[in-house]
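What follows is a short report on a single structure.
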Amino acid sequence: MDNDTINPLLIPKHVAIIMDGNGRWARKFNKERFFGHNSGINAVKESIDISLKLGIKQLTLYAFSNENWNRPKKEVNSLMNLLATSVEKEIPNLKKNKIKLEIIGDTSKLPEKTKVKLFEGVSETSGNNKLILSLAISYGARQELIRATKQISTKVKKNIISVENIDENIINEHLYTRNLKNVDLLIRTGGELRLSNFLLWQISYAELCFQNVLWPDFKKEHFLNAIIDYQARNRRFGKINK
Ligand code: IPE
Ligand code: IPE
Ligand code: MG
0 MDNDTINPLL IPKHVAIIMD GNGRWARKFN KERFFGHNSG INAVKESIDI
50 SLKLGIKQLT LYAFSNENWN RPKKEVNSLM NLLATSVEKE IPNLKKNKIK
100 LEIIGDTSKL PEKTKVKLFE GVSETSGNNK LILSLAISYG ARQELIRATK
150 QISTKVKKNI ISVENIDENI INEHLYTRNL KNVDLLIRTG GELRLSNFLL
200 WQISYAELCF QNVLWPDFKK EHFLNAIIDY QARNRRFGKI NK
């Protein structure tokens, strides 16, 4: 398959991916789960590459959930190291391709070294605008909404916001994703049919695409298939067809 089957006028602006299936992939080779996480990095690079080629402007990747803190310490530590080293290695590539890195999630829970490396990547790429690459790390949609509610309540108490003025825009402005559009296309690999606490507010009108491929096996063809699938959908937003 090539890009010819893709309609360049119907490219989703914001694609979000739940990158799932690394552990199962490793098990197939009788290896430790970390082997799967490490191999998943190639699929991340490939997804960034295709996003650039297709002209997708925002790519949000679920790398580590709020609930993933409940995994064994060894796996959590290895993931935290992998995130730090991968971002560090990718900075030249991000700069070359004018990619702006953002981190969404509760970064206060991250080990110091990981935090430093991630935010180095964020500050070194802050002037870029070809693609916004958001990594959701220590992210949970419910926690994001609790945080927004607290921030808005505080502003109401201080008379900065009036209750009557609370609307979708105000909520959006208090989310980690305040600089992003609503998600157009959500892809989940690994075969599970659930959202696992990812972007609940932002995906309210996203098209959903669940794929059976395990994340380390996710290639260009899978991404293109998801886009083709997306382009065939009829997005009505509650209205009726003309
Ligand atoms: C996704 O793969 C990566 C993270 C959640 C960090 P998993 O580690 O969940 O792999 P499976 O779902 O157990 O195969
Ligand atoms: C979701 O995958 C989180 C990420 C991909 C980072 P999980 O593997 O943690 O989700 P559940 O536990 O199967 O719902
Ligand atoms: Mg999983």
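Counting from 0, one number per residue, gives the positions in the sequence shown under numbering that gives the first Met the number 0.
Ideal placement from N, C-alpha and C gives every residue a C-beta, glycine not left out.
These numbers come from a predicted model, not from an experiment.
Cβ shell of glutamate 87 (< 8 Å), same chain only, five flanking positions each side left out: Indexing the sequence shown from 1 puts residue 87 at position 88. If we look at glutamate 87 and ignore the five residues flanking it on each side, its Cβ neighbours are Lys116, Glu119, Gly120.
Tell me which residue opens and which closes the alpha helix (DSSP H) that valine 182 is part of. Your numbering for residue 182 matches position 183 in the sequence shown. From DSSP, valine 182 is part of no alpha helix (DSSP H); its letter is neither H nor E.
Give the C-beta separation of isoleucine 55 and isoleucine 102 to the nearest angstrom, bearing in mind that I take them to be a contact with Cβ-Cβ under 8 Å. Locating residue 55 in the sequence shown gives position 56, where the first residue counts as 1. Locating residue 102 in the sequence shown gives position 103, where the first residue counts as 1. So it is not a contact: roughly 19 Å between Cβ atoms.
Here's a check: name, in chain order, each residue in its chain whose Cβ is nearer than 6 Å to the Cβ of asparagine 127, leaving out the five neighbours to either side. One-based indexing of the sequence shown puts residue 127 at position 128. Result list for asparagine 127: Lys97, Ile98, Lys99, in chain order.
For arginine 187 and aspartate 19, believed in contact at Cβ under 8 Å, the rounded distance: The count along the sequence shown starts at 1 and reaches residue 19 at position 20. The count along the sequence shown starts at 1 and reaches residue 187 at position 188. Yes, aspartate 19 and arginine 187 are in contact; Cβ-Cβ is about 6 Å, under 8 Å.
Let me know the secondary structure DSSP gives threonine 59 once reduced to three states. Mapped onto the sequence shown, residue 59 falls at position 60. The answer is strand: DSSP assigns threonine 59 an E or B state.
Assess contact between the segment 202 to 219 and the segment 37 to 51, defined as three or more Cβ pairs (one per stretch) separated by less than 8 Å. Is contact present? yes
What is the rounded straight-line gap between the Cα of serine 125 and the Cα of serine 133? Taking the sequence shown and counting its residues from 1, one reaches residue 125 at position 126. Taking the sequence shown and counting its residues from 1, one reaches residue 133 at position 134. For serine 125 and serine 133, the distance between alpha carbons rounds to 12 Å.
Where the alpha helix (DSSP H) containing phenylalanine 33 begins and where it ends: Along the sequence shown, read from residue 1 onward, the residue named residue 33 stands at position 34. That run of the alpha helix (DSSP H) goes 32 to 53.
Tell me which residues pass a beta-carbon proximity test against ligand 5: closer than 7 Å to any heavy atom, given in chain order. Here the bound small molecules are ligand 1, ligand 2 and ligand 3; ligand 5 is not part of this structure.
State buried or exposed for serine 50, treating a residue as buried only when at least 16 other CB atoms are found within 10 Å of its CB. As a working note, residue 50 is residue 51 in the sequence shown. It counts as buried.
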